[in-house]
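Everything on this sheet refers to the single structure shown next.
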Amino acid sequence: MNTHLLNAALNAAERGWHVFPLRPADKRPALHGEVACPGTGVCVAGHRKWEQRATNDPDRIRKAWSAGAFIVGLAAPLLSVADAAGGGWPERARTACVELVNAARADDKGSLGIRLLTDLRDHVMAGIDRMPTVAILDRLCALDEAPWADMSGRPLDSRGLAKMLGEYMTEDNTPVKARNIKTAGTVLKGYYAADLHDAWQRYCPPPPSGAATSATSATAQVSDPETVAATLFPSAT
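When you read off a place in the sequence shown, starting at 1, and then add 840, the result is the number in this note's numbering.
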């Protein structure tokens, strides 16, 4: 659980603001839509839109933010409402907004790192015990609605990947880093799932149901790096 963002959400709720979780990558509400509505909880009497599900209930906030490192969203045009209310509300609203923005900025780096770890676990390396860096980058940049193909105008490269993953530790308490992978008579730099396991366990939300299965079938349960490299990058082998 990201306590920094959770505390930001709880602090806003203490001021009376109704909050909801936003996905860190694209700032969209991290709540189910009408089609996927389970019809339970606050939606038991019918689907409620995200602004209707915003809350200042500490228990609901803790439950929501325990599922991931979400940015804090505010349900109403806060400053307009506060200005109309007058009194001390405009100043309180602006203070709350500044705190929430600062919390989001401070956590952008961490949120992006968690997104990277999660994408590696669920979409890139599921069912694979090691993979060359070039193959990892190709798969990351091909993911829909992911930031990796456009990192400040440029795709994520091997140096950026190494820097981001180097922030995390292996089970041996050493920084995650690329290691040699022997493939088809040559040696490529790449990453081992075993080195990422501890970070996956510590920082990533639980995988969605069926995510590992679908990813594994997509790679035909390949664990041989030679097969992976030969399939994706024939010239690299």
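We treat Cβ as the ideally placed atom computed from N, Cα and C, and that holds for glycine. Treat the numbers as computed from the prediction; the structure is a model and nothing was measured.
| Continuous alpha helix (DSSP H) stretch holding P861: start and end | For the purposes of this step, residue 861 is identified with residue 21 of the sequence shown, where counting begins at 1. P861: not part of any alpha helix (DSSP H); member of the beta strand (DSSP E) spanning V859 to L862, first to last residue.
| query | So what does P1015 bridge to, in DSSP terms? | reply | Here the question's residue 1015 lines up with position 175 in the sequence shown. DSSP, once it has assigned bridges, lists M1009 as partnering P1015.
| query | Expressed to the nearest angstrom, what Euclidean distance is found between the alpha-carbon atoms of L850 and A1002? | reply | In the sequence shown, counting from the first residue as 1, residue 850 sits at position 10. In the sequence shown, counting from the first residue as 1, residue 1002 sits at position 162. Straight-line Cα distance between these residues: approximately 34 angstroms.
| query | Does the separation of the CB atoms of L862 and I901 fall below 9 angstroms? | reply | Taking the sequence shown and counting its residues from 1, one reaches residue 862 at position 22. Taking the sequence shown and counting its residues from 1, one reaches residue 901 at position 61. The answer is no: Cβ separation not under 9 angstroms.
| task | Measure how close the beta-carbons of M1009 and D1038 come, nearest whole angstrom, since I'm counting them as under 8 angstroms. | result | Your numbering for residue 1009 matches position 169 in the sequence shown. Your numbering for residue 1038 matches position 198 in the sequence shown. M1009 to D1038, Cβ: 6 angstroms. Contact.
| request: May I have the straight-line CA-CA distance separating P987 from D978, to the nearest angstrom? | output: Your numbering for residue 987 matches position 147 in the sequence shown. Your numbering for residue 978 matches position 138 in the sequence shown. Rounded to the nearest angstrom, the two C-alpha atoms are 13 angstroms apart.
| task | Identify the continuous alpha helix (DSSP H) that holds P972 and give its terminal residues. | result | As a first step, residue 972 is located in the sequence shown; it is residue number 132 there, counting from the start. Per DSSP, P972 belongs to no alpha helix (DSSP H); it is in the beta strand (DSSP E), R970 to P972.
| query | Which of helix, strand or coil does DSSP assign to S1054? | reply | By one-based count along the sequence shown, residue 1054 stands at place 214. With a pLDDT of 32 at S1054, under the threshold of 50, the modelled position of this residue cannot be trusted, and the question is left open.
| query | When the distance is taken between beta carbons, is R1019 closer than 9 angstroms to Y1032? | reply | Taking the first residue of the sequence shown as position 1, residue 1032 is located at position 192. Taking the first residue of the sequence shown as position 1, residue 1019 is located at position 179. Yes; because the gap between Cβ atoms is below 9 angstroms, this pair is in contact.
| request: Compare the Cα-Cα distances from C981 to each of L996, G967 and A909 and report the closest residue. | output: Start at 1 with the first residue of the sequence shown, and residue 981 comes out as number 141. The residue with the shortest Cα to Cα distance from C981 is L996.
| query | Quick one: is G913 buried, meaning 16 or more other Cβ sit within 10 Å of its Cβ, or exposed? | reply | Reading the sequence shown from its first residue, position 73 is the one you call residue 913. Buried, by the Cβ-count rule.
| said: Just to check my reading of the structure: A909 and P864 have Cβ atoms closer than 8 angstroms, yes? What is that Cβ distance to the nearest angstrom? | reply: Along the sequence shown, one-based indexing puts residue 909 at 69. Along the sequence shown, one-based indexing puts residue 864 at 24. 6 angstroms between Cβ atoms; contact.
| How long is the line joining the alpha carbons of L957 and H858, rounded to whole angstroms? | Residue 957 sits at position 117 when you count from the first residue of the sequence shown. Residue 858 sits at position 18 when you count from the first residue of the sequence shown. Whole-angstrom Cα-Cα distance: 30 angstroms.
| query | First and last residue of the alpha helix (DSSP H) that includes T895? | reply | For the purposes of this step, residue 895 is taken as the residue at position 55 of the sequence shown. Here T895 belongs to no alpha helix (DSSP H), and DSSP marks it neither H nor E.
| field | CA nearest to the CA of H844, picked from S951, H887, V884 and K889 | value | Numbered from 1 along the sequence shown, position 4 holds the residue referred to as residue 844. For the residues S951, H887, V884 and K889, the minimum Cα distance to H844 belongs to S951.
| Considering T843, what are the terminal residues of the alpha helix (DSSP H) in which it resides? | Taking the sequence shown and counting its residues from 1, one reaches residue 843 at position 3. First-last of the alpha helix (DSSP H) with T843: T843 to E854.
| field | Under the three-state DSSP convention, the category K1022 falls into | value | In the sequence shown, residue 1022 corresponds to position 182, counting from 1. Three-state DSSP puts K1022 in a strand.
| Across which residues does DSSP place M1004 in a beta bridge pair? | Here residue 1004 refers to the residue found at position 164 when the sequence shown is read from its first residue. None; M1004 has no bridge partner.
| query | Among the residues of its own chain, which have a CB less than 8 angstroms from the CB of D897, if the five just before and after it don't count? | reply | Taking the sequence shown and counting its residues from 1, one reaches residue 897 at position 57. Hits under 8 angstroms: A853.
| message | I'd like the list of long-range same chain contacts for E1066, defined as Cβ closer than 6 angstroms, with 5 residues on each side in sequence excluded. | response | For the purposes of this step, residue 1066 is taken as residue 226 along the sequence shown, with counting starting at 1. Residue confidence for E1066 is low, a pLDDT of 47 falling below 50, so the modelled location carries little weight; the figure read from the coordinates is stated next. Cβ within range, chain order: T1023 and A1024.
| Neighbourhood of C877 by C-beta, 6 angstroms cutoff - its chain only, sequence neighbours within 5 removed | Residue numbering aside, residue 877 sits at position 37 when the sequence shown is read from its first letter. Result list for C877: C883 and H887, in chain order.
| message | For Y1031, list the residues DSSP reports as bridge partners. | response | Along the sequence shown, one-based indexing puts residue 1031 at 191. According to DSSP, which records beta bridges pairwise, Y1031 is partnered with M971.
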